[in-house]
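Shown next, in structure tokens, is the structure this report addresses.
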Amino acid sequence: MSKRMPVKHIALTVLCSAVLAACGGGGSPETKLVDNAVAARKVIELIEALDTVEKIDAGDEASIKAAQKAFNNLSNDQKALVSKTSIEKLEAALKALAGLSGNSSNPDAPQTDNANPNANNNSAEIKDDKSLAPLNKPAPVHTSFISSSGAQQHNPHLQLRQVDGKPAFVDNQIGLIRNLDLKKNDTVVLDGAVLTNSAEDNPAIQVNYLTPESSITKYTSAGSTKENISPLFGKEHGIYSEVKTSLDDEIKSQYDEMKKAWEIIKDDKADPKAVAEAKKKVQEALPLYAEDFDYNDFVEIARNHQEAFTEEGMKEMVDNIDADLLKNYHSAAKIAEAWQKIRKGDEKGWETLKQFEPKFTSKLLWRVALDANSNNAIDGMEGSTPKTADVMHGIAYVHKDKNKLAFDKEFDGVYVIKFINGVRVTLHDPAAAGWTEQTFAHYVDLNNLVNHGYQSLGNETPIASVPTEGTATYRGLTTSYLTETGKPACQLTANVVAVADFAKKGLSFKTTNPTFHILENGVRVSTPVAGYEMSGSASWQANSNSFKGQVATKEHGFKGNLNGKFYGSQVDEIGGTYGLSNATQQLIGGYGAKRQ
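The sequence shown begins at 110 in my numbering and counts up one residue at a time.
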């Protein structure tokens, strides 16, 4: 029997409720557009509350009939705002109900002939004719980052993943990023990665970690952040890396400890007990590598070993790095042989170890793997197999073109976080976009069959602070991925314009300047593409700071769901996600925009 959706389920549902599609035919008044959106929304909620087909019994008849009647009472324009998914669910419920009574026909089925799910939103926009007072906020410094004491896991969140071997949008999974509480001299946990802000005057991003084996780098068209990792090798300078990793402190500590231990072991005058204790420390650490290798050379070698951004793929990568060390460096092979002798009780192995003084454990290989992995995520990879299809083009839009020009300053910055299991998180730099309250993250988690995920992050507007009158225009940007089974994903960027009418609880949404980006030999090639402009509208309920709706592309037959939230104490910004599809392709993205 049908039951009302539990509160927990409602909280976790991000995009499954399709609210608004584009209105076709041109020229309907703004008020009618919003009224249609509200009417369609009520019907969608009735359909969402229905049980799945396999659970339907005679007790569901009243709720199914009520949803059917409500749908059939909609105008054609209103029906066009109900997603195909909702219509199919209602039709399936009616068929199941008819089957219970032995009647396979249903003359009262929802009348969808006049609905136009593929219609584009060419209707008049909601007007910004009663603008809220301007914010007049200063632009954020380039090192600043957003902060929020609120929970992030229930913000707009959408995954494009494999379900029963097919691509599908899923919005009922918990958000990857749970916390984003940034304070001076305090830490913010980003699902393991910890951003630390220790600037005395202006907030600035520094990075530490709680979760082992992860890395972070900030990348712009000017290049990436550079971490001086020379102290890891007992030097002051000369060795640099694009990433800071969670392993760095441990590698440095092990190096210092092994250096002291070898000084004692090689000292002929050292106390025998001290020598025995030093040998014990070396055996416990099990250092496998000496200092006779070039770190950056091995990062480049490691990049060519990667095939899959999965946990297994990363392990294979580390094994291959180890094999290269053994093959190309005499010391590595001799150290490995020495440890084999010691394990067998042959103390002569210590003479070999004293010769090379190994100070690095396998932790160094994990760091090399993370460094190479981050390089591949940013700069792309060679090949076209399904294992690399989602990231083979790198993050193209933050690279320079053949004329050494950046694409657009608002798109020019990302934080890339990598985990040793292959998960990659790409945070759009809010400072680059001029945002102070929100941003969005794209992530890939192939271990869990998530080809692409987007999550909105930020300091949400308190529900009581959402205005009940006035209007506002929001301008911003979006990044997205266009996917098709068996083909590399294409990166798409666009500008965003949204207009909110707080009295009507309605919002129009559109994108302009859609552009595809790829890398050719490390150089960005950007191509404007017609027909991928999106338009649609959304609405929200009283006592809510989030909105839901539906969007469609101007051409190419894409339609789908839009989800968003207001951020900042004065509805300063909006952010969210969307997922659209046509017969063979999917388009998934995240967006953010600030009030003008």
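Here a beta-carbon is modelled for each residue, glycine too, at the ideal position from N, C-alpha and C.
**Own chain partners of Ile410 with C-beta closer than 6 angstroms, once the 5 adjacent residues on each side are dropped** = Asp433
**Asked** Going by DSSP, what residues sit across from Lys327 in a beta bridge?
**Response** Tyr524
**Message:** Tell me which residues share the same chain as Glu170 and place their Cβ nearer than 7 angstroms to its Cβ, disregarding the 5 neighbours each side in the sequence.
**Reply:** Around Glu170, the same chain offers Leu206 as residues with beta carbons nearer than 7 angstroms, after the five sequence neighbours per side are excluded.
**Message:** For Gly685 and Pro467, what's the separation of their Cα atoms in angstroms?
**Reply:** 50 angstroms
**Item:** Classification of Pro571 by the beta-carbon crowding that lies within 10 angstroms, buried from 16 upward
**Value:** exposed
**Prompt:** Nearest CA to the CA of Ile627: which residue from Thr636, Lys619, Thr620?
**Reply:** Thr636
**Prompt:** Mind checking whether Tyr552 and Val534 have CB atoms under 9 angstroms apart?
**Reply:** Yes, the Cβ-Cβ distance between Tyr552 and Val534 is below 9 angstroms.
**Message:** Using DSSP's beta-bridge definition, name the partner residues of Met643.
**Reply:** Answer by DSSP bridge pairing, in chain order: Thr662.
**Message:** Please report the straight-line C-alpha distance between Leu190 and Arg150, rounded to a whole angstrom.
**Reply:** 8 angstroms
**Item:** Cα-Cα separation between Met643 and Ser333, rounded to whole angstroms
**Value:** 32 angstroms
**Message:** Measuring straight from C-alpha to C-alpha, what distance separates Lys439 and Lys518?
**Reply:** The amino acid occupying residue 439 in the given sequence is His; Lys does not appear at that position. Answer to the nearest angstrom: the Cα atoms are 48 angstroms apart.
**Asked** Do you know how far the Cα of Val162 is from the Cα of Thr624?
**Response** 41 angstroms
**Item:** For Asn185, the nearest candidate out of Asp554, Lys236, Ala146 (CA to CA)
**Value:** Ala146
**Prompt:** Looking at C-alpha atoms only, which residue of Gly615, Ala581, Gly168, Val638 is the closest neighbour of Thr602?
**Reply:** Residue Val638 is the option with its Cα nearest to Thr602.
**Message:** Going by the DSSP bridge assignment, what does Ile697 pair with across the sheet?
**Reply:** Tyr590, Gly688
**Request:** Have a look at Trp649 and Phe611 and give me their C-alpha separation to the nearest angstrom.
**Result:** One C-alpha to the other measures close to 9 angstroms.
**Rounded C-alpha distance that separates Gly698 from Trp371** = 54 angstroms
**Request:** Examine chain D for any beta-carbon lying closer than 9 angstroms to the beta-carbon of Glu682, and answer yes or no.
**Result:** Any reference to chain D falls outside this structure, which holds one protein chain only.
**Of the listed residues Pro576, Gly567, Phe667, nearest to Ile286 (C-alpha basis)** = Gly567
**Asked** Counting pairs of beta carbons, one from the segment 395-411 and one from the segment 462-476, are three or more of them closer than 8 angstroms?
**Response** yes
**Assigned secondary structure, Ser240 (DSSP; H/G/I helix, E/B strand, else coil)** = In this structure, Ser240 counts as strand in the three-state DSSP scheme.
**Backbone secondary structure at Glu682 - three-state DSSP** = Residue state for Glu682 is assigned as strand, using DSSP reduced to three classes.
**Item:** Through-space distance from Ile526 to Arg704, alpha-carbon basis
**Value:** A direct Cα-Cα distance of roughly 29 angstroms separates Arg704 from Ile526.
**Request:** Please classify Pro467: does DSSP put it in a helix, a strand, or coil?
**Result:** coil
**Asked** Start and end of the beta strand (DSSP E) containing Thr548?
**Response** 547-554
**Message:** Taking only three categories from DSSP, how would you classify Glu578?
**Reply:** In the three-state reduction of the DSSP assignment, Glu578 falls in the coil class, being assigned neither a helical nor a strand state.
**Asked** With 16 other CB atoms within 10 Å as the buried threshold, where does Cys132 fall?
**Response** Note that Cys132 scores a pLDDT of 24, beneath 50, so its modelled location is shaky; the value from the coordinates is reported in the next line. With 16 or more Cβ atoms within 10 Å of its Cβ, Cys132 is classed as buried.
**Asked** Which term fits Tyr687, buried or exposed, when burial requires 16 or more other beta carbons within 10 angstroms of its beta carbon?
**Response** buried
**Prompt:** Do the segment 587-602 and the segment 244-264 make contact, defined as three or more Cβ pairs closer than 8 angstroms?
**Reply:** no
**Request:** Check each candidate in Val632, Val606, Pro576, Gln659 and name the one with the smallest Cα separation from Lys613.
**Result:** Pro576
**Message:** Which residue wins for smallest C-alpha separation from Ala581, given the options Leu514, Ser617, Thr419?
**Reply:** Ser617
**Message:** Taking a contact to mean a Cβ-Cβ separation below 9 angstroms, would you say Tyr641 touches Leu696 in this structure?
**Reply:** yes
**Message:** Rounded to the nearest angstrom, what separates Ile451 and Gly458 at their Cα positions?
**Reply:** 5 angstroms
**Message:** Does His251 come out as helix, strand or coil in the three-state DSSP assignment?
**Reply:** coil
**Request:** Go ahead and label Asn681 buried or exposed: buried means 16 or more other beta carbons lie within 10 angstroms of its beta carbon, across all protein chains shown.
**Result:** A quick correction: the sequence has Asp, not Asn, at residue 681. Label assigned to Asp681: buried.
**Prompt:** Whose C-beta lies closer than 8 angstroms to the C-beta of Pro249 among residues of the same chain, with five residues either side of it excluded?
**Reply:** Pro539, Ala540, Gly543, Trp544, Thr545
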